[in-house]
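Visitor: For what it's worth, my numbering labels the leading residue of the sequence shown as 27, then goes sequentially.
Note that the Cβ used here is the ideal one computed from N, Cα and C, for glycine as well.
Quick caveat: nothing in here was measured; it's all calculated off a predicted structure.
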Amino acid sequence: MSADFSSPVPAAGLAIGRLLLAALFLLEGWSKLRGYDAAVAYMNRFGVPGALLPAVIALELGGGLMIAVGWQTRLAAAALAAFCILTAVMFHGNVADRSQILHFEKDLAIAGGFLVLTVAGAGRWSVDHAAGR
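1) When the distance is taken between beta carbons, is M116 closer than 8 Å to F72?
2) So is D133 buried or exposed if we call it buried at 16+ other beta carbons inside 10 Å?
3) Whose C-beta lies closer than 7 Å to the C-beta of G76 among residues of the same chain, with five residues either side of it excluded?
4) In the DSSP assignment, find the unbroken alpha helix (DSSP H) run with V74 in it and report its ends.
5) Since L143 and A103 should fall inside the 8 Å C-beta cutoff, what is the C-beta to C-beta distance between them, to a whole number of angstroms?
6) In this structure, how does DSSP classify Q98 when only helix, strand and coil are distinguished?
7) Closest to A107 by CA distance: which of A148, R159, A135 and A64 is it?
8) Would you say D154 and A148 are within 8 Å of each other, going by their C-beta atoms?
9) With distances taken from CA atoms, which of R100, L40, I42 and F109 is nearest G55?
10) Check this for me: beta carbons of G138 and G43, under 8 Å apart or not?
11) Where does A135 sit, in a helix, a strand or coil, going by DSSP?
12) Check W151 in the structure and name its three-state DSSP category.
13) Using the Cα positions of M27 and A38, report the straight-line distance between them to the nearest angstrom.
14) Can you give me the start and stop residues for the alpha helix (DSSP H) that E86 sits inside?
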């Protein structure tokens, strides 16, 4: 049985879900942009080159915006799902620290939400739908 995402309730659910996921990445991307040096230092502490920060900010802001408006949703959602999984492994892999385990689990849960969008698409209330995708 396939789901009908075109009726109002599923369309609203997909739109609200997109906005909630997008908000997190738009806020985090903006935060990294405003606190650029601190973000570089944080990345360096985990052995991740600070030179990657512009790409991270672009992914968070660009991907977040794409998810919010529902444009190229499947592509953006797949990229952000992969990013969340990488972030979980690279920054939150300390299983001896309960706080880090919670961050690890949170990142995986967010990746799960993006994987749902990758499969379901943006829904009726989106640029993708208006463009016939």
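Guide: Per the coordinate set shown:
1) Translated into the one-based positions of the sequence shown, residue 72 becomes position 46. Translated into the one-based positions of the sequence shown, residue 116 becomes position 90. Yes, these two residues count as a Cβ contact at 8 Å.
2) Translated into the one-based positions of the sequence shown, residue 133 becomes position 107. Classification for D133: buried.
3) Numbered from 1 along the sequence shown, position 50 holds the residue referred to as residue 76. The residues are V66, M69 and N70.
4) Residue mapping note: residue 74 aligns to position 48 of the sequence shown, counting from 1. Counting along the chain, V74 falls outside any alpha helix (DSSP H), and DSSP gives it neither H nor E.
5) Translated into positions along the sequence shown, residue 143 becomes position 117. Translated into positions along the sequence shown, residue 103 becomes position 77. Right, their Cβ atoms sit about 4 Å apart.
6) By one-based count along the sequence shown, residue 98 stands at place 72. Q98: coil per DSSP, three-state reduction.
7) Locating residue 107 in the sequence shown gives position 81, where the first residue counts as 1. The residue with the shortest Cα to Cα distance from A107 is A135.
8) Within the sequence shown, numbered from 1, the residue matching residue 154 stands at position 128. Within the sequence shown, numbered from 1, the residue matching residue 148 stands at position 122. Taking 8 Å as the Cβ cut-off, D154 and A148 qualify as a contacting pair.
9) The residue you call residue 55 lines up with position 29 of the sequence shown. Nearest option by C-alpha distance: F109.
10) Your numbering for residue 138 matches position 112 in the sequence shown. Your numbering for residue 43 matches position 17 in the sequence shown. No, the pair does not count as a contact, with Cβ atoms beyond the cut-off.
11) Sequence index remark: in the sequence shown, residue 135 carries index 109 (1-based). Helix.
12) To locate residue 151, count along the sequence shown from 1; it is residue 125. Correct three-state label for W151: coil.
13) For the purposes of this step, residue 27 is taken as residue 1 along the sequence shown, with counting starting at 1. For the purposes of this step, residue 38 is taken as residue 12 along the sequence shown, with counting starting at 1. Below a pLDDT of 50, predicted positions are generally treated as unreliable, and M27, at 39, falls in that range; no measurement from the model is reported.
14) On the sequence shown, position 60 is the one that residue 86 refers to. No alpha helix (DSSP H) holds E86; DSSP gives it neither H nor E.
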